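Chains as they are written, first to last, in this note's numbering: chain A, 1 to 156; chain B, 157 to 314.
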């Protein structure tokens, strides 16, 4: 009769222990439940200095080119925050500007965001957006260096 | 050839070291010297006797040698098996490494920054309200295939 491999017998409890540990850790990590919103903000510098388009912009590159009259688009910064409903998230923007995003109560796969963009004490924009999870909106216009800033705001 | 030189050649012949050309010279001396011939005969007879004796002793010692080799082989096999079998520490050392790797992956997976390119699934956005204290705001909608744009016009600069 073949003898069982002692190494196999030793490995089985080790693998079980590791799987249990991973499951415990996964349970400890806060999951993106329906009452949380992952807000992603990319700050793009649009100008007529050069003709380069940042590959980090992904599929939005062509759309930016067709919507605006700038020749160069460069992503300066990108931040993502997972926020609960009612929780305000602060995003620092280039040029000492800030953006505050607060998820509001919404139904289904809809996301409602209260957005406030400030330039020091000046409130540049206050808006409330309703979008689907995975949706995107652009906020542009604040001047930056020789061009403007375009904010790519998406929520999941 | 004198008898002293003949004795040296006789010993060399018994050891198989005598050159072929010297054998004839030694044979000539032995033919004329009965004392050296007797010495040669005695030495020549000693070799087979010694070989036979060595064979007998080897046969007597064979079982003991076999037993010794068996013990040596067993020792070699045992040391090889010990090398193949990992120690308790080596067997379990991968667990803390794996745990550390899993913890690192979990810590860095939901990172605050994500550099993957933008791939929006929809541009369906409702702007419920929009206002600005210091600028003019325009809402630009160029169709369902393009994202909606809220454009801030600061002091007629943009």
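Using N, Cα and C, we set each Cβ at its ideal position, and we do this for glycine too.
Since the structure is predicted, the reported quantities are computational estimates derived from the model, not experimental observations.
Is there at least one Cβ from chain A nearer than 9 angstroms to residue 308 of chain B's Cβ? yes
In the structure shown, what three-state DSSP assignment does residue 138 of chain A receive? strand
Does the pairing of the segment 37-53 of chain A with the segment 70-88 of chain A give three or more beta-carbon distances under 8 angstroms? yes
Quick check: is the beta carbon of residue 302 of chain B nearer than 9 angstroms to any beta carbon in chain A? yes
Let me see if you follow: with CB-CB separation under 9 angstroms, is residue 53 of chain A close to chain B or not? no
Comparing the C-beta of residue 76 of chain A with each C-beta of chain B, is any distance below 9 angstroms? no
For a test of the three-state rule: what should DSSP assign to residue 162 of chain A, helix, strand or coil? A question about residue 162 of chain A goes unanswered here, because the residues of chain A that appear run from 1 up to 156.
Cα separation between residue 269 of chain B and residue 93 of chain A? With a pLDDT of 47 at residue 269 of chain B, under the threshold of 50, the predicted position of this residue should be treated as unreliable, and no value is reported.
With a threshold of 9 angstroms between beta-carbons, can residue 83 of chain A be considered close to chain B, or not? no
Contact the segment 125-145 of chain A vs the segment 295-312 of chain B: 3+ CB pairs below 8 angstroms: yes
Buried or exposed (CB count within 10 angstroms, at least 16 for buried), residue 212 of chain B: exposed
Can you tell me whether residue 109 of chain A is helix, strand or coil according to DSSP? coil
Is residue 268 of chain B close to chain A? Criterion is C-beta to C-beta, closer than 9 angstroms. Reliability fails at residue 268 of chain B, whose pLDDT of 44 lies under 50, so the model's placement of it is uncertain and no value is given.
In chain B, which residues lie less than 9 angstroms from residue 67 of chain A when you measure between Cβ atoms? 296, 298, 302, 303, 305
Below-9 angstroms beta-carbon distance, residue 288 of chain B vs any chain A residue: yes
Close beta carbons around residue 192 of chain B, own chain, < 8 angstroms, minus the five adjacent residues each side: 159, 162, 163, 166, 185, 186
Along chain A, in chain order, which residues have C-beta atoms closer than 7 angstroms to that of residue 291 of chain B? 124
In angstroms with no decimal places, state the Cα-to-Cα distance between residue 131 of chain A and residue 153 of chain A. 11 angstroms
Among B/274, B/290, B/280, which one has its Cα closest to the Cα of residue 121 of chain A? B/290
Contact with chain B by residue 40 of chain A, beta-carbon distance below 9 angstroms: yes
To test your reading of the DSSP string, which unbroken alpha helix (DSSP H) runs of 4 or more residues are found completely within the segment 190-277 of chain B? 190-240, 244-248, 250-264
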